[in-house]
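S.K.: Here's a structure for you.
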Amino acid sequence: MRRARGQAAVAAALTLPLAVFMMLGTLQLFALLQARILAQYAATRAARAGSVNFGSCKAMEQAAIAVLVPVLDRGFAREAPGVDQARAFWRAYDGSRDNTFEWPGRAAGTPATPVVWIDRRKPDFRGGGVAENEWSWPTAGGGLDFRHLEIRMVLWAPMQIPFANWLFARLALARWGLMDFTGVNPYAPADGTVTWSAESGALAVPGAVATELRRATLAKTYTFPVEVSAVVQMMSPPRWGPRQCWTGGAP
């Protein structure tokens with residue numbers, strides 16, 4: 002009987018970490034899948050908002066954040082349908098309307114986590130001879146397309162499932178060649194030390210995205226970049242303005 006108990010304890014010690022990861026990892030994976038679906042819808046809504054607002058980056062940013070409230074704060078869905086739920090939705094949106102996600106317990110001095118980065122790829126007036134604050138329809142020339150609004154959006158989906166968030170972030174950094182990991186195997190501690198590094202043919206991550214992903218992981222504010230795009234026809238004259246809606250530099 003004592004030997005059987007000892008064997009059961011050893012078996013539990015070997016399999017429990019993997020079982021815990023399977024449960025938590027599944028929850029985190031489905032949360033990211035939901036974020037991916039909402040991100041595509043948010044990009045479409047953002048592009049439509051921009052098309053009727055002269056390609057305004059601010060209008061697109063706010064439209065995207067409103068759609069992404071379920072990713073940022075799921076608490077409002079627990080309220081009773083009606084006025085209470087509407088108020089809870091507004092509180093959740095108002096907390097992120099400055100395009101930041103406030104992590105609980107964020108250390109003082111740690112930069113806030115962005116919600117979305119939006120890159121307005123078209124209309125792109127750089128080098129097109131269009132004056133600043135031009136409101137009329139420019140004459141297309143030099144291969145420039147002023148009739149379509151094309152955006153690329155990066156959603157920084159917050160990962161809030163314990164253990165799984167750290168593991169997903171470290172795996173992404175290692176497999177994308179951004180930061181190797183050497184330490185005890187989190188899947189099976191009994192296996193000892195493992196090293197995770199870049200895979201052959203790893204995804205090429207843009208510089209600004211790689212920098213933000215490293216910063217967030219080191220600050221223990223775990224996020225995952227979800228990239229989507231959308232194209233719509235302009236419904237208002239495009240106005241010259243900054244190509245990016247974020248201050249992190251070119252992707």
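Under the numbering used here, the first residue of the sequence shown is numbered 2, with each subsequent residue one higher. C-beta atoms are modelled at their ideal positions from N, C-alpha and C, and glycine is treated no differently. Bear in mind that the values here come from a model prediction, so they are computed numbers and not experimental data.
I need the DSSP call for Ala64, collapsed to helix, strand or coil.
M.R.: Residue 64 sits at position 63 when you count from the first residue of the sequence shown. Helix.
S.K.: With 16 as the cutoff for other CB atoms within 10 Å, does Gly193 come out buried or exposed?
M.R.: As a first step, residue 193 must be located in the sequence shown, where it is residue number 192. Classification of Gly193: exposed, given that the 10 Å Cβ count is below 16.
S.K.: Closest to Leu73 by C-alpha separation, out of Ala47, Pro82, Gln35, would be which residue?
M.R.: Sequence index remark: in the sequence shown, residue 73 carries index 72 (1-based). Among Ala47, Pro82, Gln35, the Cα nearest to that of Leu73 is on Gln35.
S.K.: Identify the residues that DSSP records as bridge partners of Trp157: which are they?
M.R.: Numbered from its first residue, the sequence shown carries residue 157 at position 156. DSSP lists Pro226 as partners of Trp157.
S.K.: Would you check if the stretch 214-228 and the stretch 158-168 touch, i.e. whether three or more CB-CB distances between them fall below 8 Å?
M.R.: Output reads yes: the stretch 214-228 touches the stretch 158-168.
S.K.: With burial defined as no fewer than 16 other Cβ atoms inside 10 Å of the residue's Cβ, what is the status of Asp120: buried or exposed?
M.R.: In the sequence shown, counting from the first residue as 1, residue 120 sits at position 119. Buried.
S.K.: Is it buried or exposed for Phe102, if we count other Cβ within 10 angstroms and need 16 for buried?
M.R.: Indexing the sequence shown from 1 puts residue 102 at position 101. Burial call: buried.
S.K.: Thinking C-beta only, is Ala175 closer than 8 Å to Trp197?
M.R.: Taking the sequence shown and counting its residues from 1, the one referred to as residue 197 is at position 196. Taking the sequence shown and counting its residues from 1, the one referred to as residue 175 is at position 174. In this structure, Ala175 lies closer than 8 Å to Trp197 by Cβ.
S.K.: Under the assumption that Val229 contacts Met154 (Cβ atoms under 8 Å), give the Cβ distance between them as a whole number of angstroms.
M.R.: Numbered from 1 along the sequence shown, position 228 holds the residue referred to as residue 229. Numbered from 1 along the sequence shown, position 153 holds the residue referred to as residue 154. Their Cβ separation, rounded to whole angstroms, is 5 Å, which keeps Val229 and Met154 in contact under 8 Å.
S.K.: Measure the C-alpha to C-alpha separation of Val117 and Glu62 and round it to an integer number of angstroms.
M.R.: Locating residue 117 in the sequence shown gives position 116, where the first residue counts as 1. Locating residue 62 in the sequence shown gives position 61, where the first residue counts as 1. For Val117 and Glu62, the distance between alpha carbons rounds to 7 Å.
S.K.: Between the beta-carbon of Phe55 and the beta-carbon of Arg240, is there less than 8 Å?
M.R.: Taking the sequence shown and counting its residues from 1, one reaches residue 55 at position 54. Taking the sequence shown and counting its residues from 1, one reaches residue 240 at position 239. Yes.
S.K.: Are Ile57 and Met235 touching if we call contact CB-CB under 8 Å?
M.R.: In the sequence shown, counting from the first residue as 1, residue 57 sits at position 56. In the sequence shown, counting from the first residue as 1, residue 235 sits at position 234. A quick correction: the sequence has Ser, not Ile, at residue 57. Cβ distance not < 8 Å, so Ser57 and Met235 don't count as in contact.
S.K.: Under a three-way DSSP split, which group does Asp99 fall into?
M.R.: Here residue 99 refers to the residue found at position 98 when the sequence shown is read from its first residue. DSSP places Asp99 in coil when its eight states are reduced to three.
S.K.: Under three-state DSSP, which class holds Phe182?
M.R.: As a first step, residue 182 is located in the sequence shown; it is residue number 181 there, counting from the start. Phe182: strand per DSSP, three-state reduction.
S.K.: Leaving aside the five residues before and after Arg162 along the sequence, list all residues of the same chain whose C-beta is less than 6 Å from its C-beta, in chain order.
M.R.: Residue numbering aside, residue 162 sits at position 161 when the sequence shown is read from its first letter. It should be pointed out that residue 162 corresponds to Ile in this sequence rather than to Arg. Same-chain partners within the cutoff: Leu25, Leu28, Gln29.
S.K.: Indicate whether Val68 and Leu33 have their beta-carbon atoms separated by less than 8 Å.
M.R.: If you number the sequence shown from 1, residue 68 lands on position 67. If you number the sequence shown from 1, residue 33 lands on position 32. It is not a contact, given that the beta carbons lie outside the stated cut-off.
S.K.: Which residues mark the beginning and the end of the beta strand (DSSP E) in which Val117 is found?
M.R.: For this step, residue 117 is matched to residue 116 along the sequence shown. Val117 -> beta strand (DSSP E) spans 117-123.
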